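So for the sequence shown, UniProt numbering puts the first residue at 1; every next one is plus one. Glycine is no exception: its CB is placed at the ideal position from the N, C-alpha and C atoms. Because the structure is a prediction, the values reported are computed rather than measured. First comes the structure, then the notes that go with it.
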Amino acid sequence: MAIAEKLMQRHTKPSRTSRVGACTALTLSLLMSGMSVAQAKIDDTAVYQPVAPTIDQARANILIARQLQFTHFRNLGISDELSGDVFDAYLKYLDGQRIYLSQKDIELLARAKSRLGSALKTGQLQPGFEIYNLVQQRIIERLQFALNVIDNGLDELDFNTDERIRVDRSKADWEPDQEALDALWIKRIKNAVLAQRLNGTEDDTIKDNLRRRYEGQLKRAYQARSEDAFQAYMNAFAGMWDPHTSYFSPRTSENFNINMSLSLEGIGAVLQSDNEYTKVVRLVPGGPAAKQGQLQTADRIISVAQEGEKPVNVIGWRLDEVVDLIRGPRNSTVTLEVIPANAADESVTRTIAISRDEVKLEEQSASKDIIELNRSGETYRVGVITIPTFYADFQAMQAGDPNYKSTTRDVRRLLDNLKEQGVDGVVMDLRNNGGGALHEANDLVGLFIDKGPTVQIRNANNDVQILNDEDPSVAYDGPLVVLVNRMSASASEIFAGAIQDYGRGLVVGSQTFGKGTVQAVRPLNHGQLKITQSKFYRVSGGSTQHKGVIPDIEIPSRVDTSRIGEDALDHALPWDQIEAVPHTRYFDFSGVIDELRKRHEARFSASPEFSLLEQEIEFLTKQREMTYVSLNMDERKAHHEQIERTRLTIANARRELRGEEPFKTLDELEQWQDEQAADLDSTDEELDFVIREGGHIMADLLELDQRTASILKPTQFAAKAEAR
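Next comes the structure, spelled out in structure tokens:
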């Protein structure tokens, strides 16, 4: 007999609270009539209380609908088609992995699908709240079922079958009925048990961990608030216009920082909800998490522990609750357990201890270094300037402090130092730079050109504003290479695009993020609306939106572009172009770019570092392409060990290149990685490898055409040479 059947037999007689819960569910609306109530044990002290909209929320809904239709950059009306899209997006938010609702539920909810749009226009929130209440009821039923399975004993679970479970169910079919959902949830529990067994956890501890996880989620489901439903519904609605337009409830608005994101006080990370998980979107440059070095973009947080306390499982928690748990006093330590972005499945986790602190402006500052390249007996000295973010001390600026800090001021000083030290060229490293102050991007471009436009900004009325560098002085006129990657966004893309359009330097790396929109925060009677109002365009007319900046010379990256980047987001505004504005073209690289790429590829084909990078990218790609994982203990263990062997092999190959002793075990590797992360003076060998290649490309430029050593036009360059 199947476990599900045993559990159903054990709980066929409904308790008093079960009958109350069923009656409560019936009062939600006619929309919910006919829904079955799970025959699972229910907490005798808890009954789900349906949430209802408030008058303030209805008014806010009307204001949001008006702002979206009449002030958003995208001209989009509220139609029947939009109604269906809102319905789908809302269900994706509430049950993104399709593990709570059945196909029967979807068919019944579909009655509301065509009427959401007209209701949203007029502040009629009841349809959205009815959907929310049903999903909460189904969540409660599923979690109760899971707890019953655990109570029945982990020894009842069979790990010798050929069963598999789908890794990502976001595009899977809905399970047809409750019986199929029961079978799916038994698989989910088996997968969770396997993941912990493979990490060496004993069954008693696993049982306790899972019980605390599901009980915590169950408690939060019972404590659902009207504001939770409203924020989820409004975000599904606002997201139809673009992924950067969103509603913030009054409480969430308190967490809204200068960068228009939920930035965590204490560790410097930007998070967002990702189905049941809390996902890392970005690390704040100079923040504790960025300096500690282990937490990475797209990692998913599964537990949070305070000093001296047991970890708290946060799967299924609301984002604001996870934020509150991670916050804490300066110099205290918070420990996060995460599923790394490149993990093959949930069995691969990592524990990261981060000391809370404030993000200091000076730790975000631009910095410089010099590398030397020996090429055919000739030595090239290359200056490297790393810019983590585009920053400016606005308070000091407004106070009239003549020495206020800013990206442009700091880079000007660093360029002067590098010129004094006689560098042959400069590499500007903008990898992982998520943007910042727009005027700093404009001013920074001005350090490398005499004067001219830097970026165009078009609003919803098609009015175009052009930002210009009005300063004719040039801080640096030599050869220039700009390094970018997928995490280079917004202001970074403006700078890299302008340098490329002016022919002022070469852009090297991987395609950038593609964040080419501008948002404004507008107050409502209840909360705030962050709305996209403008779009960035390069001086050549093409938008940085969606496409980002395509490098002149590409270098592969470990980053999963299917999950990170503007083109990976639902309803992202498309790429388009407007008229170019007159601008100087300092150098035409078309005559040398083929040779530059040929030399670059020759170096990489002979480079052991690049060979290892390719192996690692291939390994990660295969892991990401896995759609199912086995629930057979032996198969899963073999796969887990194979992953560990591959990680160890790649790490030891890198150590061999540096003449270091190989690690004997994966534990040794992970201990070394922890020590490296704790050492703020340590460097990433891949970063050095890519920076060196940027320097080699700069040297290639000088060898192929000395004119890149000056921003003077070719005719001016010739006249200058004759004068000598």
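One or two residues paired with residue i in a DSSP bridge
| i | result |
| --- | --- |
| valine 384 | Asp369, Val427 |
| arginine 350 | Val338 |
| threonine 333 | Ser355 |
| asparagine 313 | Ser303 |
Alpha helix (DSSP H) segment containing residue i, residue limits
| i | result |
| --- | --- |
| valine 322 | 319-326 |
| leucine 480 | Segment 480-484 is the beta strand (DSSP E) holding leucine 480; no alpha helix (DSSP H) there. |
| alanine 289 | 288-292 |
| proline 608 | 608-625 |
| alanine 699 | 685-704 |
| tyrosine 214 | 203-222 |
| tyrosine 93 | 80-94 |
| glutamine 57 | 55-71 |
| serine 102 | Element bounds for serine 102: n/a, residue is neither H nor E. |
| glutamine 642 | 633-657 |
Residues near residue i in its chain [Cβ-Cβ closer than 6 Å; skip 5 each side]
| i | result |
| --- | --- |
| leucine 63 | Leu524 |
| glutamine 465 | Ile457 |
| glutamine 500 | Val507 |
| leucine 666 | Glu644, Leu648 |
| asparagine 235 | Ser246, Tyr247 |
Nearest candidate by alpha-carbon position, reference residue i, set the options
| i | options | result |
| --- | --- | --- |
| leucine 467 | Val481, Lys451, Ala460 | Lys451 |
| alanine 489 | His583, Arg412, Gly446, Thr389 | Thr389 |
| isoleucine 385 | Arg300, Ala110, Val149, Leu430 | Leu430 |
| serine 367 | Met397, Asn374, Glu156, Arg413 | Arg413 |
| threonine 408 | Glu644, Leu447, Ala289, Gln395 | Leu447 |
| methionine 334 | Gly377, Trp185, Ile106, Ala289 | Per the sequence shown, residue 334 should be read as valine rather than methionine. The candidate whose alpha carbon is nearest that of valine 334 is Ala289. |
| lysine 609 | Lys598, Ala653, Phe495 | In the sequence as displayed, the identity of residue 609 is glutamate instead of lysine. Per the Cα distances, Ala653. |
| alanine 343 | Leu669, Pro53, Phe689, Lys622 | Lys622 |
| aspartate 688 | Asp369, Arg318, Leu125, Gln124 | Asp369 |
| isoleucine 593 | Leu483, Lys310, Leu613, Glu554 | Glu554 |
| threonine 245 | Ser630, Met698, Leu669, Gln519 | Gln519 |
| tryptophan 185 | Arg142, Arg166, Glu703, Ser118 | Arg142 |
| asparagine 160 | Asp401, Arg220, Leu704, Leu194 | Leu194 |
Distance between residue j and residue i (C-alpha atoms, nearest Å)
| i | j | result |
| --- | --- | --- |
| alanine 341 | aspartate 560 | 9 Å |
| tyrosine 476 | valine 426 | 9 Å |
| residue 731 | aspartate 700 | Outside the displayed span of the chain (1 to 724) sits residue 731, for which this structure offers no information. |
| tyrosine 214 | glutamate 618 | 36 Å |
| glutamine 223 | asparagine 148 | 21 Å |
| arginine 300 | glycine 268 | 16 Å |
| tyrosine 586 | glutamate 493 | 19 Å |
| arginine 59 | asparagine 152 | 49 Å |
| glutamine 706 | glycine 659 | 37 Å |
| glutamine 398 | aspartate 443 | 18 Å |
| alanine 229 | valine 86 | 14 Å |
| serine 15 | isoleucine 140 | In this predicted model, serine 15 has a pLDDT of only 39, less than 50, meaning its place in the structure is not dependable; the value taken from the coordinates is given anyway. Each residue's alpha carbon lies about 16 Å from the other. |
| leucine 631 | leucine 218 | 25 Å |
| glycine 591 | arginine 597 | 12 Å |
| proline 311 | lysine 535 | 43 Å |
| leucine 319 | glycine 328 | 16 Å |
| glutamine 173 | leucine 109 | Correcting the residue identity first, residue 173 is aspartate in this sequence and not glutamine. Computed Cα separation, rounded: 16 Å. |
Cutoff 7 Å; reference residue i; Cβ partners in own chain excluding five residues on either side
| i | result |
| --- | --- |
| proline 135 | Residue identity check: residue 135 is valine in the sequence provided, not proline. Around valine 135: Leu94, Asp95, Tyr100, Leu101. |
| aspartate 567 | Gly514, His546 |
| glutamate 616 | Arg558, Ile650 |
| aspartate 576 | Ser543 |
| methionine 698 | Val382, Gly425, Val427, Pro479, Val481 |
| glutamate 307 | Ser332, Thr333 |
| glutamate 420 | none |
Cβ-based neighbour list, residue i, same chain, cut-off 8 Å, excluding 5 preceding and 5 following
| i | result |
| --- | --- |
| serine 170 | Lys92, Gly96, Gln97, Arg98, Asn275 |
| arginine 692 | Ile371, Leu373 |
| alanine 491 | Phe390, Asn433, Gly435, Gly436, Ala437, Leu438, Glu440, Ala441 |
| aspartate 410 | Ser365, Ala366 |
| valine 167 | Asp345, Met626, Thr627, Tyr628, Val629 |
| isoleucine 189 | Ala146, Val149, Ile150, Leu157, Leu210 |
| tyrosine 277 | Arg300, Ile301, Ile302, Ile315, Ile339 |
The beta strand (DSSP E) enclosing residue i, as first and last residue numbers
| i | result |
| --- | --- |
| glutamate 595 | First-last for glutamate 595: 593-605, but that is the alpha helix (DSSP H), not the beta strand (DSSP E). |
| arginine 164 | 164-166 |
| phenylalanine 230 | Phenylalanine 230 -> not in any beta strand (DSSP E); alpha helix (DSSP H) instead, spanning 226-238. |
| aspartate 274 | 269-274 |
| valine 629 | 628-630 |
| glutamine 533 | 528-537 |
| threonine 454 | 452-459 |
| isoleucine 302 | 300-306 |
Within-7 Å CB hit, residue i to chain C
| i | result |
| --- | --- |
| arginine 74 | The structure shown contains no chain C, having only a single protein chain. |
Heavy atom of the ligand COA within 6 Å of residue i beta-carbon
| i | result |
| --- | --- |
| arginine 300 | For the ligand COA, the structure offers nothing, since it holds no ligand at all. |
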